[in-house]
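Since the structure comes first, as structure tokens, the remarks are kept for the end.
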Amino acid sequence: MSLPSNNNANLDLYGDLSKVEDKGQSTTLTEKVDKVDKEASFFSSLTKNWILKFLFNLLKWILGWIIYFPEERTTKFKNISVQTDDIIQKCCDCNKEVGKGDQEDASINLSLTETSIEKIPTKILNNLSAEVKLDVFKYLNFNKLLTFQKTNRYFNSFINEYKNELARDYFNIKIVDKFVMEQSSTNYQEIDIKANSYDFSLNDNLKEKWEQAVSERIPLFLSFNESCEAVIVLRKHDPCREEKYRRNVYCSLLVRKLFRCGYEEAEFDNIIFNPVLIKLLFENEVMELNTRQTILEYCIEKFESEAMKFVKDHLKTFIKFSVEFTLCNNTEQCNGIIMDIFNDGARFPYVCITSSLHPSILELIENVRKIP
Numbered sequence: 001m002s003l004p005s006n007n008n009a010n011l012d013l014y015g016d017l018s019k020v021e022d023k024g025q026s027t028t029l030t031e032k033v034d035k036v037d038k039e040a041s042f043f044s045s046l047t048k049n050w051i052l053k054f055l056f057n058l059l060k061w062i063l064g065w066i067i068y069f070p071e072e073r074t075t076k077f078k079n080i081s082v083q084t085d086d087i088i089q090k091c092c093d094c095n096k097e098v099g100k101g102d103q104e105d106a107s108i109n110l111s112l113t114e115t116s117i118e119k120i121p122t123k124i125l126n127n128l129s130a131e132v133k134l135d136v137f138k139y140l141n142f143n144k145l146l147t148f149q150k151t152n153r154y155f156n157s158f159i160n161e162y163k164n165e166l167a168r169d170y171f172n173i174k175i176v177d178k179f180v181m182e183q184s185s186t187n188y189q190e191i192d193i194k195a196n197s198y199d200f201s202l203n204d205n206l207k208e209k210w211e212q213a214v215s216e217r218i219p220l221f222l223s224f225n226e227s228c229e230a231v232i233v234l235r236k237h238d239p240c241r242e243e244k245y246r247r248n249v250y251c252s253l254l255v256r257k258l259f260r261c262g263y264e265e266a267e268f269d270n271i272i273f274n275p276v277l278i279k280l281l282f283e284n285e286v287m288e289l290n291t292r293q294t295i296l297e298y299c300i301e302k303f304e305s306e307a308m309k310f311v312k313d314h315l316k317t318f319i320k321f322s323v324e325f326t327l328c329n330n331t332e333q334c335n336g337i338i339m340d341i342f343n344d345g346a347r348f349p350y351v352c353i354t355s356s357l358h359p360s361i362l363e364l365i366e367n368v369r370k371i372p
């Protein structure tokens, strides 16, 4: 019987030891690989979440861009000719050659107007009837209506069709002598109204009236000085800002368009519209200048026959009517005019009279109170 040799025993021992060492190394490598796999899967999940979140936000932005008509989507509508009155379009056009400061002030917030289109869900209104749309538009002011007109051709046509029932823009109007205006330090710009801007057709009856007015030399404006040249100064009304800009109109044919606008304040500095010409041209129409406040200063000698006739027939003041008699020396004549205004007091909620004849005016007020 032979015993195992020491060499064989050593070989077996070394073999067992090497197996143990290999198992330890294999365990260590496996742990490292598992840790790397876990880190890779963690970063992979973060990347996926970020990509999904980015795609979701991109989808929301695209849907919002499609629904709410941003500026890029409305570029094809920018060439639409918004059919409002040319006088309003000209007064709202602030890209003329004016000073930089004036250009900033004169702007009607065109950038705000354009960006506000994004917030108007116009698709909702497409399914409503014309009566309902008209009721909705009646709650909008002029600038918002102008924004809708720039949105697409349908709203442009719809608002233009019902423009006489919707809001108009507000101005301050003042009629002064051209010489006085030229002496003023205020910068102003002349508006050149084109001949094709008038929306009434010329018929034989109207042509006959025009020829009569020309042959009889009936002026559009009346003034104590026949040599003066009247200038209409329009100033955009904004209760939140100071005076922004002035525009001048040298055209007698603008009466119809001027009478369609609403005015915060109207000032007549010894010049008024001629009521004779207004009656001749628009005898079958109610031509009223609608203002919240009116300031009237006119020559005393012609006040009753000219100024007061215009006031009674063509002026509608909703809040305050101010009359200045600073050059009045005839007490009896001045009292007659004041009594005429008081007797028509239902048309003027508040009357302000500036005169040096204060005691006489107080007596007239007492006399009016005593009338049963």
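1 is the number of the first residue of the sequence shown in the UniProt record's numbering; add one for each residue after it.
Beta carbons are placed, not taken as given, at the ideal position from N, Cα and C, and that holds for glycine.
A quick note: this is a predicted structure, and the numbers were derived from the prediction, not measured.
Asked	Found
My output table needs one value for ARG235: the three-state DSSP class, helix, strand or coil.	strand
Touch check for the stretch 272 to 283 and the stretch 308 to 316: three-plus C-beta pairs under 8 angstroms?	yes
Starting from LYS320, follow the beta strand (DSSP E) in both directions and report where the run begins and ends.	315 to 325
Contact defined as beta carbons within less than 8 angstroms: I believe ILE175 pairs with ILE232. What is the distance between those atoms, to the nearest angstrom?	6 angstroms
Using the rule of at least 16 other Cβ atoms within 10 Å of the residue's Cβ for burial, across every protein chain shown, is ALA130 buried or exposed?	exposed
Considering Cα atoms alone, identify which of SER305, CYS261 and LEU280 is closest to ARG292.	CYS261
Starting from SER223, trace the beta strand (DSSP E) in both directions and tell me its first and last residue.	221 to 223
Which stretch, first to last residue, makes up the beta strand (DSSP E) that contains ASP269?	262 to 269
Leaving aside the five residues before and after PHE321 along the sequence, list all residues of the same chain whose C-beta is less than 6 angstroms from its C-beta, in chain order.	THR294, PHE348 and VAL351
To the nearest angstrom, how far is the alpha carbon of GLU264 from that of GLU229?	24 angstroms
If you compare alpha carbons, which of PHE179, ASN284, ILE173 and LEU140 is closest to ASN205?	ASN284
Would you list the residues sitting across from residue 373 in a DSSP beta bridge?	Because the chain in this structure spans residues 1 to 372, residue 373 falls outside the shown range and cannot be described.
Identify the residues that DSSP records as bridge partners of VAL311: which are they?	VAL311 pairs with nothing; no bridge assigned.
Would you report the Cα separation of THR317 and VAL323, rounded to the nearest angstrom?	12 angstroms
Spatial neighbours of ALA213 within its chain, please: CB distance less than 8 angstroms, with the 5 preceding and 5 following residues excluded, ordered by chain position.	LEU277, LEU280 and LEU281
I'd like the list of long-range same chain contacts for MET287, defined as Cβ closer than 7 angstroms, with 5 residues on each side in sequence excluded.	PHE259, ILE278 and HIS314
Relative to the C-alpha of LYS144, which residue among ILE159, TYR298 and TRP50 is closest?	ILE159
State the Cα-Cα distance for the pair ASN329 and SER215, rounded to the nearest angstrom.	37 angstroms
Tell me the rounded alpha-carbon separation between VAL255 and ARG217.	17 angstroms
With a threshold of 16 other CB atoms inside 10 Å of the CB of TYR154, please say whether the residue is buried or exposed.	exposed
Report the option in ASN172, LEU58 and TYR162 whose CA atom is closest to the CA atom of PHE268.	ASN172
Using a threshold of 8 angstroms, state whether the C-beta atoms of TYR162 and LEU134 are closer than that.	yes
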